[in-house]
Amino acid sequence: MVTLTTNTTATTYVDSVYNKLVETNGHEVEFLQAAKEIIYSLTPVFEKRPELMEAGILERIVEPERILKFRVTWMDDAGKVQVNRGYRIQFNSAIGPYKGGLRFHPSVNESIVKFLGFEQIFKNSLTGQPIGGGKGGSDFDPKGKSNNEIMRFCQAFMTELYRHIGQDIDVPAGDIGVGGREVGYLFGQYKRIRGGYEPGVLTGKGLSFGGSLTRTEATGYGCVYFVDEMLQEIKESFQNQTVVVSGSGNVAIYAIEKAQQLGAKVVAASDSSGYIHDPEGIDLALLKDIKEVRKARIIEYVKERPEATYTEGCTGIWTIPCDIALPCATQNEIDEASARLLVENGVKAVGEGANMPSTLEAIDVYLENNVLFAPAKAANAGGVAVSALEMAQDSSRQFWTFDEVDKKLHQIMINIYNESSAAAKRYGHEGNLLFGSNIAGFEKVADAMLAQGII
Ligand code: NDP
904 MVTLTTNTTA TTYVDSVYNK LVETNGHEVE FLQAAKEIIY SLTPVFEKRP ELMEAGILER
964 IVEPERILKF RVTWMDDAGK VQVNRGYRIQ FNSAIGPYKG GLRFHPSVNE SIVKFLGFEQ
1024 IFKNSLTGQP IGGGKGGSDF DPKGKSNNEI MRFCQAFMTE LYRHIGQDID VPAGDIGVGG
1084 REVGYLFGQY KRIRGGYEPG VLTGKGLSFG GSLTRTEATG YGCVYFVDEM LQEIKESFQN
1144 QTVVVSGSGN VAIYAIEKAQ QLGAKVVAAS DSSGYIHDPE GIDLALLKDI KEVRKARIIE
1204 YVKERPEATY TEGCTGIWTI PCDIALPCAT QNEIDEASAR LLVENGVKAV GEGANMPSTL
1264 EAIDVYLENN VLFAPAKAAN AGGVAVSALE MAQDSSRQFW TFDEVDKKLH QIMINIYNES
1324 SAAAKRYGHE GNLLFGSNIA GFEKVADAML AQGII
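First residue of the sequence shown: 904, per the working numbering; consecutive thereafter.
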């Protein structure tokens, strides 16, 4: 993906930083994957701007400013003591307070949180909002837990985290396994401990206590807005396109909603057990009822819609022919083989709603085959962008309508597309939004780091 033929000082510099990262973080495969994708695409910037090399910007940006790791002890409904591990990575605060979600999933470890935190630096910069990069979470598995257990876990988690966050320090939000309910419990505990009302400390809150309209829809809608901009380059739109969306969580559901509103036929969705294929187009009201209201498995869908089929396992979803693929579930869900299948079946565009859903090899396949590619840090930045708008509303004590926030979100996604596209062109990689978004996100943070001295 990142083949650079010239043996310049910049190439040597980038190589040396990456090799050192491998030496010191060799076991953190997800973090190294994210770092490799970004670091090498920045070579043209260091070629043009050697002062960034001299200031050691790359060595500094790959090292989190702070890694917090803590024990979370709570009691389950049976009265048994449970212990989980909590994380918060405060990665970079050059352009604003650390900002990024919390993920509750058994797969969470330091590597996963670091990859997410690293990506978040560039994503947050791209939004044009004054927010730094951070991420956190726990290996707690919310599946099968009662409401009271979720509440007790959130309270125990916040009892440790509260001392490290604040509206001008670090502002967490949701991610996989952390939705409105969990943010509510986390906020309640923060308020109880602090003894004051500081709504700007968390985003994704309920509308009755400082939340923003459109935050729920923001990541999915934003992803579709971004892909729509990209499609306009080839004089196309979502109208009459066949779309496959993976996942059926927050991002997936609202990506489906916006794609349908723009005239697409969305034919598939999934959860971590399997996927549904509904050739006539997904009944979104039914899917929402199953996933958001009943909190049931996606297999329920075919019981009520016999024309659809259900298949066990997740990767098979990419065998379904489509014009546009929107991976909105989790990291590394499209590998090289799946990417090849998508290309063979004529995919025109891939828009990443999830974080790092495509492996580096899969990205190579898209780029080699001229598939339009919207990388995660640009395409899914709508969520954090509206989180920053939530912070602005909390500070001003004034709240905007759904349409006002939606319009701002749409404009932000257009801006991200334009800036990524312009940066790609400026550095000789016209049309490559992966390079463009990495570079555009990086330059703003690098300039701030340069201006703030050696810290
Ligand atoms: P949710 O927890 O709401 O949903 C995740 C969905 O993905 C669930 O349907 C889950 O199924 C499914 N899933 C998990 N693993 C797999 C798998 N291996 N194959 C297929 N489906 C799977 O999370 P979000 O929608 O919030 O997040 C999804 C992705 O988007 C993540 O990568 C997240 O980091 C990213 N993201 C989220 C943002 C947000 O605002 N929420 C912002 C930016 C990025 P099951 O129910 O079985 O677990």
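Note that beta-carbon positions come from the ideal geometry of N, C-alpha and C, so glycine has one too. Note that the structure is predicted; figures quoted are calculated from it, not measured.
A distance below 8 Å separates the beta carbons of G1123 and A1158.
Counting the other Cβ atoms within 10 Å of the Cβ of E1293 gives 16 or more, which makes it buried. In the structure shown, D1350 falls within a helical segment according to DSSP collapsed to helix, strand and coil.
In this structure, DSSP gives F973 an extended state, which the three-state scheme calls strand. With respect to S1149, I1053 sits apart: the two C-beta atoms are not nearer than 8 Å. Secondary structure in the region 1092-1171: the alpha helix (DSSP H) runs of 4 residues or longer, each lying completely within the stretch, are 1118-1135, 1153-1164 in chain order. Per the DSSP secondary-structure output, S944 pairs with nothing in a beta bridge. Below 8 Å, too few C-beta pairs join the region 1002-1020 and the region 1327-1342 to call them touching: fewer than three.
Listed in chain order, the non-local C-beta contacts of N1272 below 8 Å within the same chain comprise V1246, local neighbours out to five positions each way being set aside. The DSSP-derived three-state label of I1193 is helix.
Around the beta carbon of E1215, fewer than 16 other beta carbons sit within 10 angstroms, so the residue counts as exposed. Counting C-beta pairs closer than 8 Å gives three or more between the region 986-1005 and the region 1033-1046, which meets the contact rule. Residue burial is scored here from C-beta neighbours: I1156 has at least 16 other C-beta atoms within 10 angstroms and is therefore classed as buried.
The beta carbons of G1082 and N1153 sit closer together than 8 Å.
G1150 has its Cβ nearer than 7 Å to a heavy atom of the ligand NDP. In the DSSP assignment, V1289 falls outside any beta strand (DSSP E) and lies within the alpha helix (DSSP H) extending over 1285-1299.
Non-local beta-carbon contacts of L945 in its own chain, meaning distances under 8 Å to residues more than five positions away in sequence, involve V917, L961, N1341, I1342, F1345 in chain order. P953 sits in a helix when the DSSP states are folded into three classes. Checking the 7 Å criterion, the Cβ of T1233 is within range of a heavy atom belonging to the ligand NDP.
Shortest gap from the CB of E968 to any heavy atom of the ligand NDP: 7 Å or more. In the three-state DSSP reduction, A1265 falls in the helix class (H, G or I).
For E1215, the pairing in a beta bridge is given by DSSP as G1177.
Beta-bridge analysis with DSSP links N995 to G1036. C1225 has its Cβ no nearer than 7 Å to any heavy atom of the ligand NDP.
Each residue's CA atom was taken as its position, placing H1332 and V975 some 46 Å apart. The alpha-carbon of R969 is positioned some 23 Å away from that of M1259. Boundaries of the beta strand (DSSP E) harbouring G1003: 1001-1007, taken from the DSSP string. Burial is judged here by how many other beta carbons sit within 10 angstroms of a residue's own beta carbon; A1059 has at least 16 and is buried. DSSP, read as helix, strand or coil, puts G959 in coil. Secondary structure of Y1088 (DSSP, three-state): helix. At a cut-off of 4 residues, not a single continuous stretch assigned as alpha helix (DSSP H) sits fully inside the region 1303-1328. Taking 8 Å as the cut-off, the beta carbon of G1285 is found closer than this to the beta carbon of L1312. If you check the C-beta of A1257 against the ligand NDP, you find a heavy atom less than 7 Å away.
Per DSSP, the beta-bridge partners of P1230 are S1149. In the structure shown, A1059 falls within a helical segment according to DSSP collapsed to helix, strand and coil.
Within the chosen limit of 7 Å, the ligand NDP reaches the beta carbon of C1217 through at least one heavy atom.
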